[in-house]
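Worksheet: the structure to be examined is printed underneath.
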Amino acid sequence: MTPPVLSVLPLAVPAVAALAFAVFGSRPAARWIGAASSVALLAVAVTLAYAVVTSGPGAALGGLLWLDAVSVFMLLVIAAVAVLATSGTPGHFRAEIAEGRAGPRTAARHGALVQAFIAAMNAAVLAANLGMLWIAIEATTIITAFLVGQRRSRAAVEAAWKYVVLCSTGIALALLGALLLNYASSTGGGGAGLNLVALADSAHLLDPDVTRIAVVLLILGFGAKAGLAPLHAWLPDAHSQAPAPVSALMSGALLAVAFYAVLRVKVVADAALGAGFARALLTVMALASLAVAATLLLAQRDYKRMLAYSSIEHLGLVALGAAIGAPLAVAAALLHVLGHGLAKAALFLGAGRVLQLTGSSKIASVRALAARAPVLAGGAGLGVLALTGLPPFSLFASELGIARAGLATPGMGWATTAALLLVLVIAGTLVWHSSRMLLGAPADVPGAAVAPVRTDTTVVVLVVGLLACAALGVTVGPLDTLLESAADILVGAS
Amino acid sequence: MTETLYAQALNLAAGALLLTAMLILWRRELAMTIRVLAAQGLALALLVAVLAAREGGFELWIAAAGLALLRAGLLPWLLWRALAESADGQPARETRPLVDVASSLLAAAALALLAYAVSRPLVELAPSAATRAIPVGLTVVLLGFFVLVTRRRALSQLVGFLLLDNGITAVGFLTTESVGLMVELGVSLDVLLAVLVLRVLTTRMRETFGDTDLDELRELRD
Chain C
3 MTPPVLSVLP LAVPAVAALA FAVFGSRPAA RWIGAASSVA LLAVAVTLAY
53 AVVTSGPGAA LGGLLWLDAV SVFMLLVIAA VAVLATSGTP GHFRAEIAEG
103 RAGPRTAARH GALVQAFIAA MNAAVLAANL GMLWIAIEAT TIITAFLVGQ
153 RRSRAAVEAA WKYVVLCSTG IALALLGALL LNYASSTGGG GAGLNLVALA
203 DSAHLLDPDV TRIAVVLLIL GFGAKAGLAP LHAWLPDAHS QAPAPVSALM
253 SGALLAVAFY AVLRVKVVAD AALGAGFARA LLTVMALASL AVAATLLLAQ
303 RDYKRMLAYS SIEHLGLVAL GAAIGAPLAV AAALLHVLGH GLAKAALFLG
353 AGRVLQLTGS SKIASVRALA ARAPVLAGGA GLGVLALTGL PPFSLFASEL
403 GIARAGLATP GMGWATTAAL LLVLVIAGTL VWHSSRMLLG APADVPGAAV
453 APVRTDTTVV VLVVGLLACA ALGVTVGPLD TLLESAADIL VGAS
Chain L
17 MTETLYAQAL NLAAGALLLT AMLILWRREL AMTIRVLAAQ GLALALLVAV
67 LAAREGGFEL WIAAAGLALL RAGLLPWLLW RALAESADGQ PARETRPLVD
117 VASSLLAAAA LALLAYAVSR PLVELAPSAA TRAIPVGLTV VLLGFFVLVT
167 RRRALSQLVG FLLLDNGITA VGFLTTESVG LMVELGVSLD VLLAVLVLRV
217 LTTRMRETFG DTDLDELREL RD
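Protein sequence lines correspond, in order, to chains C and L. The number in the numbering used here is simply the position in the first sequence, starting from 1, with 2 added. The number in the numbering used here is simply the position in the second sequence, starting from 1, with 16 added.
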């Protein structure tokens with residue numbers, strides 16, 4: 003069993019960091035509080051993962067928190083993405099402040115909000131109770147709304163409005179689902195309430211008709227927050243308008259946390275209704291998401307929106323892995339979450355740097371980046387290749403795992419084939435758009451800045467993120483045991 | 017409380033919930049919809065109070081009082097202030113709704129039928145006076161959804177969202193004797209926070225757009 007103090011640290015560390023930002027935020031040295039907090043968080047997550055692998059799952063904080071292989075894996079994902087995002091933050095704000103687009107106070111407020119955001123995500127994956135999980139995810143919506151609208155431009159305000167309205171509505175559906183599940187569980191369900199573990203154990207006692215309605219609402223609602231079609235419309239707006247470090251966290255970690263809720267619901271759904279029901283629902287949502295991403299990427303003119311649609315694609319693939327539901331597919335889906343988090347966070351930071359250099363997020367206005375900023379361009383290029391699922395990056399391994407499991411599962415062959423075709427289309431489009439940005443001869447336009455750009459922390463973070471993603475692709479190493487036991491929990495085998 | 021009185025009081029509260037939802041769908045003046053929303057908050061509090069009188073639970077009485085304060089007092093007041101701030105020179109009406117009144121009311125009837133069809137298993141699981149009112153709660157949820165997607169002004173959308181949330185809260189209290197004060201508290205807190213966020217955003221919207229008309233929101237699309 004894990005030491006109780008340690009289990010509370012994922013909430014306490016960012017909370018203390020948020021306070022520190024509130025107190026010392028305007029001093030230059032305070033810029034690195036966020037990164038320090040994230041590194042500490044990563045160390046805590048690794049320790050907790052080790053404790054869970056060696057001595058099994060356990061409750062903490064009077065039963066409010068539950069730590070098993072799935073939740074500590076998600077802690078690792080959040081911490082890893084947070085390290086990238088918060089290390090990129092000081093560089094991002096140095097450029098913003100130099101351009102006069104932000105002041106030290108905005109930077110401090112941003113730092114505090116980001117720490118609160120991380121704490122809410124950690125609370126979501128550690129919550130022992132579906133109600134608490136719901137509250138934590140709703141809290142992320144509220145905190146990030148202020149971050150998305152940070153720039154206060156017309157577009158940023160519009161994005162924040164759509165984000166809050168759509169996500170709050172989606173999450174309200176999930177709340178209705180949770181209330182109905184509670185109803186089913188309190189009426190002849192063995193008194194499990196909304197406790198995730200007890201609910202999974204006693205799911206066979208739940209009334210199937212009521213549970214079916216509850217599961218549809220829960221998966222649609224949390225799916226909306228995870229950026230899955232049909233309620234994905236907020237995502238491209240929010241991700242393209244948010245400041246780069248926030249986009250990195252939202253795309254890399256928040257979508258995964260919302261999908262974590264779907265995974266927990268699926269365990270209950272499978273036990274109560276058989277594997278077919280949640281599978282059908284998730285397959286439809288996965289293919290719809292992939293189709294949306296493929297069609298809207300083809301004519302895309304904005305590179306930040308391009309990355310956002312790529313997130314819809316990857317969450318679609320994760321949903322497909324969950325739909326397939328074999329242990330291999332679920333483990334691959336979890337690995338995909340981590341690989342996508344690292345690569346996408348790195349790329350969003352890179353895109354933020356490109357935006358600062360060129361002043362435009364239009365693909366057409368970025369030309370020959372490789373000639374101006376070779377390291378940045380190289381990193382971005384490799385990052386796009388990572389997203390398309392090329393080796394050695396870990397997304398190759400996880401997509402291969404999902405595809406193999408899908409083709410081996412009866413009834414999932416056609417869906418897997420359709421998904422692979424869509425992934426190919428998306429990969430081609432991504433490479434086409436980014437090659438237009440990165441390659442070519444520099445334009446001979448007077449006024450276009452031609453001075454070579456010096457390598458800065460953002461670029462270092464970009465490279466480190468991709469290296470981590472590649473290392474994971476070569477070997478998952480000690481994560482192997484963790485992934486296996488997490489997959490066992492999620493397919494209901496343990 | 018006798019069985020008949022309890023059932024009648026419950027039906028009265030549920031009826032008021034449904035009626036106010038229909039009124040919001042029907043009327044276009046923003047000031048009027050905010051008043052009706054406050055009345056619906058009272059109906060919701062009444063519903064919970066009837067349940068509390070039946071169960072005699074202390075928690076439920078607190079929840080009823082809290083709902084009255086939040087949904088009939090604080091939230092409408094926040095909307096009211098937002099409306100007053102934007103009133104100068106603006107017509108306080110939903111001027112360009114996507115669906116006209118007659119079609120809205122027809123759609124409402126269809127949505128009510130849908131709610132009754134969907135909630136049959138919910139009623140059958142534990143038939144009682146309380147669970148028989150679940151379809152009403154679900155109808156309010158669907159009507160809220162409808163308002164949310166067919167109205168163009170920011171404040172109207174907020175009203176739609178709160179309508180949706182009132183319906184969900186009603187279903188929550190009707191389905192279980194003890195929702196768990198903690199979850200209920202969290203839910204109310206979240207509604208409050210969501211509205212605060214949206215309030216801040218409507219203010220910013222006015223600063224940047226000079227209006228809260230969501231028709232202006234069309235820079236971002238593919």
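The C-beta atom is built at its ideal place from N, Cα and C for all residues, glycine as well.
Open item on the list: How far does the alpha helix (DSSP H) with Gly430/C in it extend, from its first residue to its last?
Closed with: Gly430/C -> alpha helix (DSSP H) spans Gly415 to Leu440.
- [ ] Determine the DSSP secondary structure at Gly449/C, reduced to helix, strand or coil.
- [x] At Gly449/C, the pLDDT of 48 sits below 50, so the modelled position is not reliable; the number obtained from the coordinates is stated separately. The answer is coil: DSSP assigns Gly449/C none of H, G, I, E or B.
- [ ] On the DSSP bridge assignment, give the partners of Gly381/C in chain order.
- [x] BP columns for Gly381/C are empty, so no partner.
Task: Same chain, Cβ closer than 8 Å to Tyr165/C, neighbours up to 5 away in sequence not counted - done: So the list reads Thr143, Thr146, Ala147, Val150, Trp236, Asp239 and Ala240, once near-sequence residues are dropped.
- [ ] Buried or exposed for Ala450/C, please, with buried defined as at least 16 other CB atoms from any protein chain shown within 10 angstroms of its CB.
- [x] Only weak support is given to the placement of Ala450/C: the predicted model assigns it a pLDDT of 48, under 50, and the value that follows is read from those uncertain coordinates. A residue is called buried when at least 16 other Cβ atoms come within 10 angstroms of its Cβ; Ala450/C does not meet this threshold and is exposed.
Task: Completely contained alpha helix (DSSP H) runs for the segment 4–54 of chain C, where each covers 4 or more residues - done: Fully enclosed alpha helix (DSSP H) runs of 4 or longer: 6–26.
Task: Residue-level contact to chain C via CB, Pro143/L, 8 Å cutoff - done: By this cut-off, Pro143/L is not an interface position.
- [ ] Note down, in chain order, each residue of its chain lying with its Cβ closer than 6 Å to the Cβ of Leu158/L, except the 5 sequence neighbours on either side.
- [x] Taking C-beta separations shorter than 6 Å and ignoring five residues to either side along the sequence, the partners of Leu158/L in its chain run Leu127 and Ala131, following chain order.
Open item on the list: Taking the straight line between their C-alpha atoms, what separation do you get for Ala125/L and Thr171/C?
Closed with: Distance from the CA of Ala125/L to the CA of Thr171/C, rounded to the nearest whole angstrom, comes to 22 Å.
Open item on the list: Rounding to the nearest angstrom, what Cα-Cα distance links Leu357/C and Ala345/C in this structure?
Closed with: In this structure, the CA atom of Leu357/C is about 18 Å from the CA atom of Ala345/C.
TODO: Please work out which residues of its chain come closer than 7 Å, Cβ to Cβ, to Gly65/C, disregarding the five sequence neighbours upstream and downstream, and give them in chain order.
DONE: Ala130.
Open item on the list: I'd like to know whether the C-beta atoms of Ala222/C and Gly318/C end up nearer to each other than 8 Å.
Closed with: The sequence as given places Leu at residue 222/C; Ala does not occur at that position. No, the pair does not count as a contact, with Cβ atoms beyond the cut-off.
TODO: Could you name the residues that DSSP lists as bridge partners for Asn197/C?
DONE: Paired residue(s): Asn131/C.
TODO: Could you tell me whether the Cβ atoms of Ala288/C and Leu337/C are closer together than 8 Å?
DONE: With contacts defined by Cβ atoms closer than 8 Å, Ala288/C and Leu337/C do not form a contacting pair.
Task: Contact residues within the segment 35–59 of chain C, judged by C-beta distance below 8 Å to chain L - done: Of all residues in the segment 35–59 of chain C, none has a C-beta nearer than 8 Å to a C-beta of chain L.
Open item on the list: Distance cutoff 8 Å, beta carbons only. Does Ala220/L sit that close to anything in chain C?
Closed with: The residue you asked about is not Ala; residue 220/L is Arg in the sequence shown. Yes - at least one Cβ of chain C is within 8 Å of the one on Arg220/L.
Open item on the list: As an exercise, report each continuous alpha helix (DSSP H) stretch of at least 4 residues that is fully enclosed by the segment 269–323 of chain C, in chain order.
Closed with: Fully enclosed alpha helix (DSSP H) runs of no fewer than 4 residues occupy 277–300 of the segment 269–323 of chain C, in order along the chain.
TODO: Specify whether the segment 244–255 of chain C and the segment 78–87 of chain C touch according to this definition: at least 3 beta carbon pairs, one from each stretch, less than 8 Å apart.
DONE: Yes, the segment 244–255 of chain C is in contact with the segment 78–87 of chain C.
Open item on the list: At a threshold of 7 Å, does Glu401/C count as lining the ligand SAM (C-beta to nearest heavy atom)?
Closed with: No copy of the ligand SAM occurs in the structure displayed, which carries no ligand at all.
Task: Pairwise C-alpha distance: Ala473/C and Trp34/C - done: It is roughly 26 Å from the alpha-carbon of Trp34/C to the alpha-carbon of Ala473/C.
Open item on the list: Within a Cβ cutoff of 6 Å, which residues of the same chain sit near Gly391/C, ignoring the five residues on either side of it in sequence?
Closed with: Sequence-distant partners of Gly391/C (beyond 5 residues in either direction) whose C-beta falls short of 6 Å from its own C-beta, in its chain, are Leu397, Phe398 and Glu401.
- [ ] Measuring only between beta-carbons, confirm whether Gly82/L sits less than 8 Å from chain C.
- [x] Cβ-Cβ to chain C under 8 Å: no for Gly82/L.
TODO: Indicate whether Gly403/C and Ala334/C have their beta-carbon atoms separated by less than 8 Å.
DONE: Yes; because the gap between Cβ atoms is below 8 Å, this pair is in contact.
TODO: Would you kindly work out how many angstroms separate the C-alpha atoms of Pro301/C and Leu76/L, rounded to a whole number?
DONE: It should be noted that the sequence gives Ala, not Pro, for residue 301/C. Distance between the alpha carbons of Ala301/C and Leu76/L is about 55 Å.
TODO: Give the straight-line distance between the Cα atoms of Leu387/C and Gly361/C, rounded to the nearest whole angstrom.
DONE: Taking the straight line from one Cα to the other gives about 24 Å.
TODO: Using a Cβ-Cβ cut-off of less than 7 Å, list which residues of the segment 202–216 of chain L approach chain C; keep chain order.
DONE: When CB distances to chain C are screened at a threshold of 7 Å, the residues of the segment 202–216 of chain L falling below it are Gly202, Val203, Asp206, Leu209, Ala210, Val213 and Leu214, in chain order.
- [ ] Establish whether the CB of Val167/C and some CB of chain L are separated by less than 8 Å.
- [x] At a cut-off of 8 Å, the C-beta of Val167/C has a neighbouring C-beta in chain L.
Open item on the list: Tell me which residue opens and which closes the beta strand (DSSP E) that Ala62/C is part of.
Closed with: It spans Gly60 to Ala62 - the beta strand (DSSP E) in which Ala62/C sits, taken as one unbroken run.
Task: Secondary structure of Leu130/L, DSSP reduced to three states - done: Annotated three-state conformation of Leu130/L is helix, per DSSP.
Open item on the list: What residue range does the beta strand (DSSP E) around Leu177/C cover?
Closed with: Not the beta strand (DSSP E): Leu177/C falls in the alpha helix (DSSP H), residues Arg156 to Ser188.
Open item on the list: Is the separation between the beta-carbon of Leu2/C and that of Gly276/C shorter than 8 Å?
Closed with: Since the first residue shown for chain C is 3 and the last is 496, residue 2/C is missing from the structure and cannot be characterised.
Task: Beta-carbon contacts of Ala405/C that lie in its chain and below 7 Å, excluding the five residues immediately before and after - done: Hits under 7 Å: Thr418 and Leu422.
- [ ] Compute the distance between the beta-carbons of Leu63/L and Ala100/L, then report whether it is under 8 Å.
- [x] With respect to Ala100/L, Leu63/L sits apart: the two C-beta atoms are not nearer than 8 Å.
- [ ] Keeping to the same chain, check which residues put their C-beta closer than 7 Å to that of Tyr185/C; ignore five residues upstream and five downstream.
- [x] Excluding positions up to five away in sequence, the list reads Val212.
Open item on the list: Quick check on Glu71/L: does DSSP put it in helix, strand or coil?
Closed with: Helix, per DSSP.
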